[in-house]
Amino acid sequence: MVEKLYKPLLMDSIKAAANIEKQRFIGFDGDYCAENAKALGISDVEIEQGQFAPVAVNGILLVKTAGAITAGSKIASDASGFAVAYTTGEANGYSLDDSESGEIIRIARGI
Numbered sequence: 870m871v872e873k874l875y876k877p878l879l880m881d882s883i884k885a886a887a888n889i890e891k892q893r894f895i896g897f898d899g900d901y902c903a904e905n906a907k908a909l910g911i912s913d914v915e916i917e918q919g920q921f922a923p924v925a926v927n928g929i930l931l932v933k934t935a936g937a938i939t940a941g942s943k944i945a946s947d948a949s950g951f952a953v954a955y956t957t958g959e960a961n962g963y964s965l966d967d968s969e970s971g972e973i974i975r976i977a978r979g980i
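In this note's numbering, the protein residues as written are 870 to 980.
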């Protein structure tokens, strides 16, 4: 499998409010981002509740999908922090890849 480009330009950390999986949108409360909400960023590693989780805030980032996405489209978060095609609420970046559900895509965030 070919590795996709990952180029975070800004990293931050937040105390994990739950056990967090890698490559999911994280909200400002330290849990998975809520559906159609603005995300702080994307989890950089798997982390246990109560630990400080590194979060990629801006750059070319990798995130797991929960639906089909077209390159160039706006991305939103579902209720579990997975990337979905934007329909309403807050956008959290732009897809750089076409994908099906369950894949890892590159997104541009902060542009």
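By construction, the Cβ of each residue, glycine as well, lies at the ideal position given by its N, Cα and C atoms.
Cutoff 7 Å; reference residue 874; Cβ partners in own chain excluding five residues on either side: As a position in the sequence shown, residue 874 is number 5, starting the count at 1. Cβ neighbours of residue 874 beyond the five flanking positions: 929, 975.
Span of the beta strand (DSSP E) around residue 868: Any answer about residue 868 is impossible in this case: the structure gives the chain only from 870 up to 980.
One or two residues paired with residue 881 in a DSSP bridge: Taking the sequence shown and counting its residues from 1, one reaches residue 881 at position 12. DSSP, once it has assigned bridges, lists 924 as partnering residue 881.
Own chain partners of residue 890 with C-beta closer than 6 Å, once the 5 adjacent residues on each side are dropped: The sequence position of residue 890 within the sequence shown is 21, counting from 1. Within the same chain, residue 890 has close Cβ partners 915.
Opening and closing residue of the beta strand (DSSP E) in which residue 974 lies: Your numbering for residue 974 matches position 105 in the sequence shown. Start and end: 973-978.
Distance, residue 881 Cα to residue 934 Cα: If you number the sequence shown from 1, residue 934 lands on position 65. If you number the sequence shown from 1, residue 881 lands on position 12. Rounded to the nearest angstrom, the two C-alpha atoms are 22 Å apart.
Cβ neighbours of residue 900 in the same chain (closer than 6 Å, five flanking residues each side left out): Within the sequence shown, the letter at position 31 stands for residue 900. If we look at residue 900 and ignore the five residues flanking it on each side, its Cβ neighbours are 886, 887.
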